[in-house]
Amino acid sequence: MHLLNKIALACALVASAPAAAQTARDIHSFARPEEARVTNVDLDLRADFVAKRLSGTAALDVQAAPGAGRIVLDTRDLTVQGVTDASGRPLRFTLGAADSILGRPLEVRLPRGTRRIVVRYQTSPTAGALQWLTPQQTAGKRHPYLFSQGQAILTRSWIPTQDSPGIRQTYSARITVPRELRAVMSAEMLTPRGQVVAGGRAFRFRLDKPVAPYLIALAVGDLAFRPLGPRTGVYTEPAMLQRSANELADVEKMVAAAEGLYGPYRWGRYDILVLPPSFPFGGMENPRLTFATPTILAGDRSLVSLIAHELAHSWSGNLVTNATWADFWLNEGFTTYFENRIMEAMYGRERAAMLASLGWRELQDEVVAVGGPGSPDTRLHIDLAGRDPDAGMTNIAYEKGAAFLRTLENAVGRARWDAYLRSYFDRNAFKPMTTAGFLADLRANLIRGDAELERRVGIEQWAYQPGIPESAVVPRSDAFQRVAAQAQAFAGGTPAASLQTRGWTTQEWQHFLGALPKQLTAAQLADLDRAFGLSRQGNSEILFAWLQTAVRNRYEPAVPALEHFLTSQGRRKFVRPLFADLMAQGEWGQALARRIYARARPGYHPVTSGSVDAIVK
Ligand code: BES
Ligand code: ZN
Numbered sequence: 000m001h002l003l004n005k006i007a008l009a010c011a012l013v014a015s016a017p018a019a020a021q022t023a024r025d026i027h028s029f030a031r032p033e034e035a036r037v038t039n040v041d042l043d044l045r046a047d048f049v050a051k052r053l054s055g056t057a058a059l060d061v062q063a064a065p066g067a068g069r070i071v072l073d074t075r076d077l078t079v080q081g082v083t084d085a086s087g088r089p090l091r092f093t094l095g096a097a098d099s100i101l102g103r104p105l106e107v108r109l110p111r112g113t114r115r116i117v118v119r120y121q122t123s124p125t126a127g128a129l130q131w132l133t134p135q136q137t138a139g140k141r142h143p144y145l146f147s148q149g150q151a152i153l154t155r156s157w158i159p160t161q162d163s164p165g166i167r168q169t170y171s172a173r174i175t176v177p178r179e180l181r182a183v184m185s186a187e188m189l190t191p192r193g194q195v196v197a198g199g200r201a202f203r204f205r206l207d208k209p210v211a212p213y214l215i216a217l218a219v220g221d222l223a224f225r226p227l228g229p230r231t232g233v234y235t236e237p238a239m240l241q242r243s244a245n246e247l248a249d250v251e252k253m254v255a256a257a258e259g260l261y262g263p264y265r266w267g268r269y270d271i272l273v274l275p276p277s278f279p280f281g282g283m284e285n286p287r288l289t290f291a292t293p294t295i296l297a298g299d300r301s302l303v304s305l306i307a308h309e310l311a312h313s314w315s316g317n318l319v320t321n322a323t324w325a326d327f328w329l330n331e332g333f334t335t336y337f338e339n340r341i342m343e344a345m346y347g348r349e350r351a352a353m354l355a356s357l358g359w360r361e362l363q364d365e366v367v368a369v370g371g372p373g374s375p376d377t378r379l380h381i382d383l384a385g386r387d388p389d390a391g392m393t394n395i396a397y398e399k400g401a402a403f404l405r406t407l408e409n410a411v412g413r414a415r416w417d418a419y420l421r422s423y424f425d426r427n428a429f430k431p432m433t434t435a436g437f438l439a440d441l442r443a444n445l446i447r448g449d450a451e452l453e454r455r456v457g458i459e460q461w462a463y464q465p466g467i468p469e470s471a472v473v474p475r476s477d478a479f480q481r482v483a484a485q486a487q488a489f490a491g492g493t494p495a496a497s498l499q500t501r502g503w504t505t506q507e508w509q510h511f512l513g514a515l516p517k518q519l520t521a522a523q524l525a526d527l528d529r530a531f532g533l534s535r536q537g538n539s540e541i542l543f544a545w546l547q548t549a550v551r552n553r554y555e556p557a558v559p560a561l562e563h564f565l566t567s568q569g570r571r572k573f574v575r576p577l578f579a580d581l582m583a584q585g586e587w588g589q590a591l592a593r594r595i596y597a598r599a600r601p602g603y604h605p606v607t608s609g610s611v612d613a614i615v616k
């Protein structure tokens with residue numbers, strides 16, 4: 000192909016993206032979109048719960064440069080049975096060598112004029128994106144369950160497509176499942192009850208807005224639905240429906256609050272799927288259908304900032320999308336900032352200040368965890384050469400990213416900042432964004448040649464240098480100052496029962512536990528546990544903070560609660576640190592870790608067990 004043609008096509012394919020976004024190359028995909036790219040995916044898959052496989056076809060619409068003779072797709076652990084064109088004529092294909100991080104390229108010959116290719120394939124029972132749950136691992140205990148998790152580069156383990164966040168695709172699907180189950184996807188549901196077909200029930204879906212492939216998502220199980228408002232609702236197992244609907248009662252208002260900040264919600268409905276406890280993340284922003292851990296069901300709506308976060312991704316992430324995984328902070332930092340603004344709009348300044356303050360402390364801890372303020376992994380734009388994108392998915396992206404935006408807000412004032420951010424989402428909607436592209440947009444539309452402003456904030460330093468810049472605006476919470484005083488009083492000998500804790504919210508308890516001295520005696524721990532019933536806590540965040548304190552002080556009486564927590568949910572954020580803390584406690588902790596992990600591991604998602612395997616040998 001002529002170079003000029005290539006350039007022309009590359010420009011046409013990412014029409015009107017900022018200059019920097021056009022040149023972003025994704026090192027985590029084999030795709031060569033400048034030659035040929037996928038624009039739409041049409042799935043026809045059957046879920047076999049006995050074999051733990053999806054099988055069927057993926058029909059891909061292809062846009063090829065003039066003269067391009069092939070298209071390159073991403074795959075991982077797929078069995079490819081054949082590739083044809085739209086009329087069923089076989090196409091030649093080759094599966095390249097497997098790379099341990101990227102999987103295998105699937106190269107398909109494209110005869111001139113080929114616009115659609117059909118890949119017949121099946122997934123492996125160990126596909127990284129899929130977790131097949133036994134009935135025992137569900138709330139109802141009677142039916143199996145399946146869910147997918149594509150981010151960052153796992154979609155290729157269940158769909159042979161170009162698995163790069165800069166290559167947006169629309170999609171449709173027909174999913175056939177056992178008759179008693181129901182399928183849901185991150186798309187418009189065309190057949191709410193499904194259609195009875197030979198050997199099962201078929202559900203159809205369509206998403207007519209182009210999205211990054213990591214956002215294509217599927218779940219199958221015994222699912223019930225309850226509306227929360229005119230355009231919001233919750234799906235979950237029948238046994239969890241009442242609790243879930245009660246916890247999520249504010250979601251309809253939350254969508255309106257988000258729109259009030261940064262413009263219209265562009266995806267139609269906003270539903271939430273509350274998953275079984277092995278879901279490895281807190282939440283996942285699958286379009287139109289956030290996936291959420293059941294560990295947010297505290298009973299008092301105190302953990303709904305997680306929903307604010309996933310909802311915010313409907314703008315930052317799903318609308319304006321990190322072009323590569325090195326730009327992951329553009330998704331998570333913007334979202335963490337936006338999440339806090341939603342929480343402020345919904346529940347007031349003090350709640351938002353407490354959440355931001357907890358985030359700031361997580362940032363300080365993460366800087367230490369990734370090697371200190373000089374470590375290259377404290378940069379926002381990170382170097383992932385030769386690494387799995389998961390390596391860059393730390394709190395730096397979330398909390399340093401949010402601190403950067405908070406600092407910008409503070410520098411120009413909220414009114415000007417909010418107008419800018421809203422225009423940024425509009426200008427860049429449905430496009431990939433790089434770090435350089437964001438800085439260019441910022442200079443063109445907010446900074447506008449104000450050299451003093453640019454220097455005061457230090458935007459290049461924020462984006463590309465390690466550590467936390469001096470200009471950072473540190474969140475402050477008056478409530479937390481009072482809480483810290485109580486923690487100090489306890490450290491100084493005041494009995495737990497005499498502390499002033501009346502009316503404390505979940506966030507205040509989290510801060511209290513984090514503000515206690517690192518070393519506590521068994522008598523102090525017993526006093527806390529007795530006074531506040533910490534080992535019996537039903538709130539997952541408070542229980543987690545308490546169990547960390549207990550483990551770090553080898554507090555034996557908390558072990559049954561620890562064991563129960565680690566075997567009853569598999570959220571990586573809770574599970575990994577607790578096993579790491581155990582392993583740091585000599586033979587006492589290591590023996591416990593090995594014993595508990597042997598029981599817990601079969602229930603975990605591969606994302607969680609993979610990271611715990613690296614800790615517990
Ligand atoms: N998109 C992320 C989850 C994710 C990140 C999955 C990277 C795979 C790779 C999601 O929006 C998220 O950030 N979830 C957080 C909760 C949030 C409130 C900070 C989580 O799961 O802990
Ligand atoms: Zn997120």
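Residue numbers for the sequence shown, in numbering that gives the first Met the number 0: 0 to 616.
Heads up, the beta-carbon is just placed ideally off N, CA and C, and yes, glycines get one too.
query, result
"Which residues DSSP lists as bridging Ala172, in chain order", "Leu42, Phe204"
"Contacting residues, own chain, Cβ-Cβ under 7 Å from Ala19 (five flanking each side not counted)", "Since pLDDT at Ala19 reaches only 45, below the 50 mark, its modelled position is unreliable, and no value is offered."
"Run of the alpha helix (DSSP H) containing Met582, from where it starts to where it stops", "571-582"
"Beta-carbon proximity of Leu42 to Ile116, cut-off 8 Å", "no"
"Under 8 Å between C-beta atoms of Val183 and Ala138", "no"
"6 Å CB neighbourhood of Ile174 in its chain, flanking five on each side removed", "Leu44, Ala182, Phe202"
"Helix, strand or coil at Ile116 according to DSSP, with G and I counted as helix", "strand"
"Glu284 Cβ short of 7 Å to ligand 2 heavy atom set", "yes"
"Of the listed residues Gln584, Leu407, Gly491, Ala64, nearest to Val109 (C-alpha basis)", "For the sequence presented, residue 109 should be read as Leu rather than Val. Closest option to Leu109, Cα to Cα, is Ala64."
"Exposed unless 16 or more other CB atoms sit within 10 angstroms - verdict on Asn444", "exposed"
"Endpoints, the alpha helix (DSSP H) within which Phe437 is located", "434-441"
"Any non-hydrogen atom of ligand 2 within 7 Å of Thr334 CB", "yes"
"C-beta atoms of Tyr120 and Gln161 nearer than 8 Å", "no"
"Coil, strand or helix - Ser315 by DSSP", "strand"
"According to DSSP, residues forming a beta bridge with Gly228", "Thr231"
"Assigned exposure category for Thr113 - 16 Cβ within 10 Å defines buried", "buried"
"Through-space distance from Asn330 to Gly316, alpha-carbon basis", "5 Å"
"Residue nearest to Glu469 in terms of C-alpha spacing, selected from Lys399, Phe564, Ala530", "Lys399"
"Ser147 in three-state terms, based on DSSP", "strand"
"Length-filtered (4 minimum) alpha helix (DSSP H) runs lying within the stretch 456-539", "458-463, 477-490, 505-514, 521-531"
"Endpoints, alpha helix (DSSP H) assigned at Thr56", "Note, Thr56: premise wrong, no alpha helix (DSSP H); beta strand (DSSP E) at 52-63."
"Short Cβ contact (8 Å threshold) for Ala402 with Ile467", "yes"
"Check: Leu90 C-beta below 7 Å from any heavy atom of ligand 1", "no"
"Nearest-angstrom beta carbon gap, Leu214 and Ser185 [assumed within contact, 8 Å]", "6 Å"
"Exposed unless 16 or more other CB atoms sit within 10 angstroms - verdict on Glu507", "buried"
"Where Ala14 falls, given that 16 or more other Cβ within 10 Å makes a residue buried", "Reliability of the predicted coordinates at Ala14 is poor, the pLDDT of 37 falling under 50, and no value is obtained from them."
"Element boundaries [alpha helix (DSSP H), containing Arg421]", "413-426"
"Spatially closest choice to Leu515 from Ala544, Ala23, Arg88, Thr504, by CA coordinates", "Ala544"
"heavy atom of ligand 4 below 7 Å from Phe543 C-beta", "Inclusion of ligand 4 in the displayed structure is not the case, the ligand content consisting of ligand 1 and ligand 2 alone."
"Separation of Pro177 from Ile6, as counted between CA atoms", "For Ile6, the predicted structure reports a pLDDT of 42, less than 50, and the residue's modelled location is therefore unreliable. A value from the coordinates is still provided. Near 48 Å, if we compare the C-alpha coordinates of Pro177 and Ile6."
"Local Cβ density within 10 Å of Leu362, reported as buried at 16 or more and exposed below that", "buried"
"His563 CB to nearest heavy atom of ligand 2 below 7 Å", "no"
"For Asn330, three-class secondary structure by DSSP", "helix"
"Three-way DSSP call (helix, strand, coil) for Lys430 in this model", "strand"
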